[in-house]
Each structure stands twice: as structure tokens, then as C-alpha cells.
Ligand code: HEC
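Numbering (the working numbering), first residue to last: 31 to 151.
This is the structure we're talking about:
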């Protein structure tokens with residue numbers, strides 16, 4: 031019984047711990063993020079973040095609409111991975127080397143301002 035209880039407590043901590051990490055919001059400046067977004071991202075992702083930017087018409091893989099439940103369900107960390115590494119087989123290239131880490135976090139804060147996260151923190 032004690033053994034089971036210990037296992038249960040350990041499992042609970044792991045689950046709780048993970049979701050706590052996953053739900054962490056990055057600090058960032060949404061105003062700086064807005065300027066970066068308008069310069070680098072708006073052409074594809076659109077003014078409102080709905081994926082309807084002026085360049086999106088020519089793309090086979092459409093830019094992500096940040097308002098979808100799928101996108102809003104992602105953690106900040108998942109967005110960072112997409113921005114930093116790019117999305118395979120899509121026109122979303124890696125921004126590593128073009129944007130600093132802090133700038134990526136700024137732009138994530140702006141994306142979240144346009145389309146609030148569903149991830150409970
Ligand atoms: C050339 C067009 C283009 C530009 C410019 C662009 N993106 Fe993307 N973006 C895409 C496409 C296409 C996808 C992938 C859509 C898919 O996988 O269905 C994507 C996916 C993403 C995702 C993943 C979202 C999710 O929910 O999975 C993020 C985050 C993202 N872009 C952020 C940015 C940011 C920030 C910038 C500017 C620094 C930017 N993108 C610039 C086209 C673009």
C-alpha cells in the first residue's frame with residue numbers, strides 16, 4: 031500500500047510538474063514583438079494573425095492561422111520551436127540567426143495578444 035502511494039505521489043508530481051513547465055509563459059515585450067511581427071511575419075500570417083497575409087495566396091502550404099484551437103492550444107515553448115527551427119516542408123523557415131531569442135519571445139507575446147493562449151498557466 032505504501033509503495034503504491036509513493037508511486038502515485040511520484041506520478042502526480044511528474045504530471046503536475048510537466049504541465050507547470052509546459053504552461054510557463056515566456057517574458058517578452060509585446061510592443062517590440064508587434065514591430066518585429068509587422069516587419070517579418072505579417073506578409074504571410076496576416077495583420078490579425080489569421081494566416082491571410084498578402085503573400086499567403088501564392089503558398090501551397092498556407093501560413094498558420096494563430097486563432098485556431100490547435101494553435102492556441104500550443105505552449106509558448108512549442109511556438110518558439112516552430113519559429114526557431116522552422117516548420118519542415120513548409121515556407122516557414124528557421125528564424126534562428128535572424129532573430130535573437132529575446133526577439134522571438136517578444137513576437138510570441140504579440141501573437142498571444144492577437145490570439146490568446148488556451149493553455150492554462
Ligand atoms: C513565407 C511565409 C511565412 C513567413 C514570412 C512566416 N511564416 Fe510562420 N508559418 C508559415 C507557414 C506556411 C507555417 C506552417 C503552417 C503549417 O504547418 O500548417 C507557419 C507556421 C508558424 C508557426 C507554427 C504555429 C503552430 O501553431 O503550429 C509559428 C509560431 C509561426 N509560423 C510564427 C511565425 C513568425 C513569428 C514569423 C515572423 C518572424 C513567421 N512565422 C513568418 C509561413 C510563414
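The C-beta atom is built at its ideal place from N, Cα and C for all residues, glycine as well.
Distance from the CA of residue 119 to the CA of residue 91, rounded to the nearest whole angstrom, comes to 8 Å.
In terms of Cα proximity to residue 145, the closest of 70, 123 and 98 is 98.
Look at the beta carbons and you see the segment 101 to 110 not touching the segment 60 to 68: under three pairs across the two are nearer than 8 Å. DSSP, reduced to helix, strand and coil, places residue 66 within a helical segment of the structure shown. With fewer than 16 neighbouring CB atoms inside 10 Å of its own CB, residue 130 falls in the exposed class. Comparing alpha carbon positions, the residue from 82, 114, 87 and 121 closest to residue 95 is 82. According to the DSSP assignment, residue 112 belongs to the alpha helix (DSSP H) that extends over 106 to 115. Residues 116 of the same chain have their beta carbon placed closer than 6 Å to that of residue 122, with the five preceding and five following residues left out of the count. Less than 9 Å separates the beta-carbon of residue 148 from that of residue 102.
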